[in-house]
Structures are given as C-alpha cells and as structure tokens.
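J.: 42 is the number of the first residue of the sequence shown in the numbering used here; add one for each residue after it.
For each residue, glycine too, the CB sits at the ideal point set by N, CA and C.
Remember, it's a predicted structure, so these values are computed and weren't measured experimentally.
One structure, pasted below without further comment.
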Amino acid sequence: MRRSLPKKGLSKDEILEKLKEYSKEDLDPSSGKLFTIAFESGIEEIRDVAFEAMKMFAFKNMLDFTEFPSMIKMEKDLVDVAVDLMHGDEKVTGTFTFGGTESVFLAVKAARDKFLLKKGFTIPEIVMPITAHPCYDKAAEYMGLKVKRVKVNEKYEACPEAINEALTENTAIIVGSAPNWPFGTVDPIEELAEIALDKKIWLHVDACVGGFVLPFMKKLGEKIPDFDFKIEGVCSISLDPHKYAYTPIGASILLFREKFYKIYSQFANLKWPGYPIVNPAVLSSRSEATLAAAWAVMNFLGEEGYLNLAKKILNARNKILKSLKEMDYKLMGEPSVILAFTGNLNLFKLCDEMAKRGWIFLPQRGIEGIAPSVHLTITPLHEMFVDPMLEDLKLVTEKIKDLPPSESEKVLEVFGMIMNLLAPGELDLSTIGKILEDIEKMAEIYGSKLLETFGLEKGFPKEMAMIYQFLNAFPPEIAELLVNYIVVEIFHRGF
Ligand SMILES: Cc1ncc(COP(=O)(O)O)c(C=O)c1O
C-alpha cells in the first residue's frame, strides 16, 4: 500500500517511536558481532563528539562555500592530516568526498580527462588486479571507460607482469590497493609505480581501507610495504575516514600529487543563466555534517588514540589467525586489517551458522581460479569479542564439516556447470540487452515466485547460503541482472 504524508504532523515522541520500530530488525554496529561493514573503535565518547559536531553543521550546505567557509577550514585540516600520513609534500592537494566510491570516481575522472586531453578521442582503459573494488567498474560504466581486470599472484597480490601485459596505448589509469577488500592483501605499489612511470600512466592507490590504519600499524612494527607518495609515480590516493578513522558514514579524502591534477577532477559550469557552478566533488549540495564529524573524531582521537586502536586490531587479528590455523583453514594471502580464509567445507553454510549465533561474516563467492572464501574485517572493538567468536567458529566448523551437499546443492552445481557452458566468458552488450528484455517480460509473470523462492518476500532470510549458491550457478553477467532485478523489487515493495 502507498503511504502519503500524515494530514497533521506527528510529535517528536511519535516520530522517534516509529523510527525505533523501523530499526527493530537492524543489526547493532556497536555490538562487536559484525565482522564486516562496521568500523567500530569501541570508544563510546566518539559518538557524542561526532553527534555534537553533526548537530552544529547538518543544515549547512557545502555547495556554497562562500556562505559557509567553515567547510574550507575543516576540509583543509583533514586533507593536511591525510597528506601527512601519506608522506605527501607541499604540492599534494586533496578534496573531501562522501565515500570511497566518490573519491574513486574523481580520481578516474581526473586520469581520464588528463589522458583524453593529450590523446584525443578514444575509449580510455583502467587496468587493475581482479581484487580491486567494483567501484572502478562503476566509475567506468558511468564515465565511458573500459576495465581490464587481470590475475593476481599466488599471494593474492597484484601481479606487475600481468598488469604490464594488459597495458595498451589506451590505458589511462592503473590501480593498486592498500589493501584490497576481498583478502586484505597489499599490492606491490612500488613495482606498479615503476611500470606507470615508465609508460607515463596515472597510478591510483586505493587506500580507502588502509589509509588511516596501515601507517599506525607500521609504526607498531608490522611489515607493510610502502604504498604512498614516498613512491614516485603514485598520482593519487583515496583514503576513507569513515572506515578506519572511525568517523560517521559519509567521509572520504582524495589526494592528488600535483595541485593541477585536481582541476581535472572538478566540474565548473558557467553556461546557464544562474550562479557560477564549481564542484570539487560529484555531488553538489552536501551537508557539512559528516565533514564536521570527521574533523571532530579525528581530533578527538589524535595520533595516540589511533596507535592504541591499531594495537587492538592487531591483538584481535593475531588471535584469529592462530585459531584459523589450528582449525586447518587456509588463509588467502598475507592479511592486514582484513583477512580471508577458505576451507574444504561449505563456507556459505558456515556463515549462516555463525549468523544464527549472532556473528556476521562476509561470504565471498570466488571466481574462476579463486575459491569461495570468508572475509572478516577486524576492528578494535573485536578485541573484546574474539574469544567467544572463535569458540563458536570451532563448534560450527565441527558441525558442518562432514555435512554432505543437499539435493538442491547438487542440482545447483550441475545447473551452474550447464549455465557456464551455455554462456561462458563475457557476454556482449546486445546479448545482455536481449536477456534484459526477456527478464522484463518474465518478471511480471515470475517475479513474485522468484522472491518467494529466495524467501525474500517478507524480509531478508536468516539463511543466505542458498542464494549465494544460486548466484554462483550463473555467469556473472546473468547474476548481475538477477540481483539488480531483486533489489529493484525489494525497494519498490518495501518490507
Ligand atoms: C578497497 C576499497 N575501495 C573503495 C571502496 C568504496 O568505498 P565506499 O563504500 O566508501 O564507497 C571500498 C569499500 O569497501 C573498498 O574496500
């Protein structure tokens, strides 16, 4: 049923009651039980400091920095901190965005525009390891670039030879991660930089995850390869306060080695009869709230705070690593703040069983040549929770390790083999267009049935293993269409 505005406004109490009801099924990010998505320090005062700052600035709009110059001051402070952590010199400049994806969009736009201005019209290419975040594919899809993903080495790190081989005269940008999201491994940026310098190609370092934590882990003696502006050839770096600087969601920073590079990332327009537009970010109107909160939290914690929090992460991570080894799980490369493991059992079921005990792990589907795995993002808060989590992991491992695949799993496996035979490799645009047309017709008829099959009609099911296995049975392009369709339906219907 469609809702409309209440005839008469609700009271504050009624509103808060209703919102509480809406959030009844949400997980609690500060529970310490989420091993993905939630970047929690475990320091309660952070929330107070952040909320106070947000209150002061929520209704101020960064769109017009002449009206609210506070944003320039706060942004400059945060950029300075990021430059310092990334060993930038006086020339390095940056911008504040609302998230890693937005920073990446701007880095890709800058590299693309710089490349096209020199090269003239062509379709520019992004070359990156298979482990790079899909926000690069998203940027490419939005901005008309082509992506080449290449294999990683046996340690799940970028393979410089494979990157080098994939370069063409149309390569506008190479990407390396510090670390990547799936496995938490850090790419050999120094080697990528040599190639980039040699071929005069823009090198972007994605330190969205690691930018605010790896420097502190290094100070504590962890062996982490250099990945920042110390390395000649690194043109831009993205790093997200809303991840390991523990600030409210909606905060990322993009740094450029040269001040002039930033111009390529911006948008200016004086072609309309209105005010002159100059946007340093993708969005135009933006609340100052998350910028102020990031400023507040980072200054509240200071260097000492971040060092202490990095210590907690290492304690938690090392305990988990030891336990995983004892349980015979196989690590996917050298982990950092993220780790991933695989094993000879149904990992999707393992995640479901852990979720029944309240622990949220992230199952990863794998791709050809890379086994499915389980991803854990380790945060300082986990130091307090690893022991009970590992106890449960031992129990669950015992419980599921000898379970034979169910009948439906066997069917899915065969189904997957057939699907991959029918549509191997990449699908071209016209085939996808045709499938999309068919899906549109079929969705009207079978849409409800599909949601029912997945148990998605009334909310998210407690067990996701079947969905993951089902999606794994399809070639990625078909699976992408399916998940797109399901998400449109869910948002349209609401629960
Ligand atoms: C390595 C990496 N880069 C970029 C992003 C995109 O960041 P955001 O979700 O803030 O847009 C992520 C998100 O997890 C990431 O892990």
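Measure the C-alpha to C-alpha separation of I540 and F308 and round it to an integer number of angstroms.
T.: Shown here, the chain extends from 42 to 536; a query on residue 540 therefore has no answer.
J.: Span of the alpha helix (DSSP H) holding L233?
T.: By one-based count along the sequence shown, residue 233 stands at place 192. Run containing L233: I230 to K240, per the alpha helix (DSSP H) assignment.
J.: From F346 to S218, what does the alpha carbon distance come to, in whole angstroms?
T.: Here residue 346 refers to the residue found at position 305 of the sequence shown. Here residue 218 refers to the residue found at position 177 of the sequence shown. Here residue 346 turns out to be Gly, not Phe, going by the sequence shown. Distance between the alpha carbons of G346 and S218 is about 25 Å.
J.: With burial defined as no fewer than 16 other Cβ atoms inside 10 Å of the residue's Cβ, what is the status of H283: buried or exposed?
T.: The residue you call residue 283 lines up with position 242 of the sequence shown. So H283 counts as buried.
J.: Would you please state the rounded distance, in angstroms, between the beta carbons of M127 and L350? I believe it to be under 8 Å.
T.: Translated into positions along the sequence shown, residue 127 becomes position 86. Translated into positions along the sequence shown, residue 350 becomes position 309. Contact flag wrong, Cβ pair sits at about 19 Å.
J.: So which of R327, K271 and F137 has the shortest CA-CA distance to K114?
T.: Your numbering for residue 114 matches position 73 in the sequence shown. Closest option to K114, Cα to Cα, is F137.
J.: Any idea what DSSP makes of N349, helix, strand or coil?
T.: Residue mapping note: residue 349 aligns to position 308 of the sequence shown, counting from 1. N349 falls in the helix class under three-state DSSP.
J.: Round the Cβ separation of T226 and E375 to the nearest angstrom and send it over; I've been treating them as touching at under 8 Å.
T.: If you number the sequence shown from 1, residue 226 lands on position 185. If you number the sequence shown from 1, residue 375 lands on position 334. Correct: roughly 6 Å between the Cβ atoms.
J.: Name the residue from V168, F253 and M42 whose alpha carbon lies nearest to the alpha carbon of I16.
T.: For residue 16 there is no data in the structure shown, the boundaries of the chain being 42 and 536.
J.: Does the beta-carbon of S377, which I'm using as the reference point, lie nearer than 7 Å to any heavy atom of ligand 1?
T.: As a first step, residue 377 is located in the sequence shown; it is residue number 336 there, counting from the start. No, the Cβ of S377 stays beyond 7 Å of every heavy atom of ligand 1.
J.: Given E273, which residues of its chain have a CB within under 7 Å of its CB, disregarding the five upstream and five downstream residues?
T.: Here residue 273 is taken as the residue at index 232 of the sequence shown, counted from 1. The answer, listed in chain order, is A234 and L238.
J.: Any heavy atom of ligand 1 closer than 7 Å to the Cβ of H174?
T.: One-based indexing of the sequence shown puts residue 174 at position 133. The answer is yes for H174.
J.: Do V378 and G262 count as a contact pair if the criterion is CB distance below 8 Å?
T.: Here residue 262 corresponds to residue number 221 of the sequence shown, with the count starting at 1. Here residue 378 corresponds to residue number 337 of the sequence shown, with the count starting at 1. For G262 and V378, no; Cβs fall outside 8 Å.
J.: Are the CB atoms of L380 and R406 nearer to each other than 8 Å?
T.: Within the sequence shown, the letter at position 339 stands for residue 380. Within the sequence shown, the letter at position 365 stands for residue 406. No, Cβ-Cβ distance for L380 and R406 is not below 8 Å.
J.: Report the CB separation of Y302 from A151 in whole angstroms; it is logged as a contact under 8 Å.
T.: Along the sequence shown, one-based indexing puts residue 302 at 261. Along the sequence shown, one-based indexing puts residue 151 at 110. Between A151 and Y302 the Cβ distance is about 5 Å, and since that is below 8 Å, they are a contact.
J.: So is R617 buried or exposed if we call it buried at 16+ other beta carbons inside 10 Å?
T.: Any property of residue 617 remains undetermined from this structure, which presents the chain solely from 42 to 536.
J.: Starting from T142, follow the alpha helix (DSSP H) in both directions and report where the run begins and ends.
T.: Here residue 142 refers to the residue found at position 101 of the sequence shown. Residues G141 to K160.
J.: Smallest Cα separation from P321: which of L147, V524 and N525?
T.: If you number the sequence shown from 1, residue 321 lands on position 280. Closest by alpha carbon: L147.
J.: Just reading off the alpha helix (DSSP H) that H423 is part of, what are its end residues?
T.: Numbered from its first residue, the sequence shown carries residue 423 at position 382. Looking at the DSSP string, H423 is not in any alpha helix (DSSP H), and its letter there is neither H nor E.
J.: Is it the case that the CB of T331 approaches a heavy atom of ligand 1 more closely than 7 Å?
T.: Translated into the one-based positions of the sequence shown, residue 331 becomes position 290. The answer is no for T331.
J.: If you measure between the beta carbons of P404 and F389, is that distance less than 8 Å?
T.: Taking the first residue of the sequence shown as 1, we reach residue 404 at position 363. Taking the first residue of the sequence shown as 1, we reach residue 389 at position 348. Cβ distance < 8 Å, so P404 and F389 count as in contact.
J.: If you count every other CB in all the chains shown that lies within 10 Å of the CB of I508, and 16 or more means buried, which is it?
T.: Looking up residue 508 in the sequence shown gives position 467. Buried, by the Cβ-count rule.
J.: Beta carbon of D281: closer than 7 Å to some heavy atom of ligand 1?
T.: Looking up residue 281 in the sequence shown gives position 240. The answer is yes for D281.
J.: Got a sec: does ligand 1 put a non-hydrogen atom nearer than 7 Å to the Cβ of N543?
T.: The chain is shown only over 42 to 536; residue 543 falls outside these bounds and no answer can be derived.
J.: Can you find the residues in the same chain that come closer than 6 Å, C-beta to C-beta, to W243, ignoring five residues on each side of it along the sequence?
T.: Translated into the one-based positions of the sequence shown, residue 243 becomes position 202. For W243, where only same-chain residues beyond five positions count, the Cβ hits under 6 Å are A152, I214 and C276.
J.: Enumerate in chain order the residues of its own chain whose CB-to-CB distance from F139 is below 6 Å, with the five nearest sequence positions on each side excluded.
T.: Locating residue 139 in the sequence shown gives position 98, where the first residue counts as 1. Correct list, in chain order: G291.
J.: Going straight from the alpha carbon of M184 to that of F162, what length do you get?
T.: Translated into the one-based positions of the sequence shown, residue 184 becomes position 143. Translated into the one-based positions of the sequence shown, residue 162 becomes position 121. Cα to Cα, M184 sits roughly 13 Å from F162.
J.: Looking only at DSSP bridge pairs, what is A309 linked to?
T.: As a first step, residue 309 must be located in the sequence shown, where it is residue number 268. A309 is bridged to V319.
J.: Can you check DSSP and say which residues form a bridge with W243?
T.: Here residue 243 is taken as the residue at index 202 of the sequence shown, counted from 1. The partner list for W243 (beta bridge, DSSP) reads I214.
J.: Rounded to whole angstroms, what's the CA-CA distance from M425 to V216? Just pull it up for me.
T.: Residue numbering aside, residue 425 sits at position 384 when the sequence shown is read from its first letter. Residue numbering aside, residue 216 sits at position 175 when the sequence shown is read from its first letter. M425 and V216: Cα-Cα distance of roughly 35 Å.
J.: Could you pull the start and end residues of the beta strand (DSSP E) that A381 belongs to?
T.: Position 340 of the sequence shown, counting from 1, holds the residue named residue 381. That run of the beta strand (DSSP E) goes I379 to T383.
J.: Between G252 and ligand 1, is there a pair consisting of the residue's CB and a ligand heavy atom that are separated by less than 7 Å?
T.: As a working mapping, residue 252 is identified with position 211 in the sequence shown. False, no ligand heavy atom lies under 7 Å from that Cβ.
J.: A330 and A99: beta carbons closer than 8 Å?
T.: By one-based count along the sequence shown, residue 330 stands at place 289. By one-based count along the sequence shown, residue 99 stands at place 58. Their beta carbons are under 8 Å apart, which means A330 touches A99 by this criterion.
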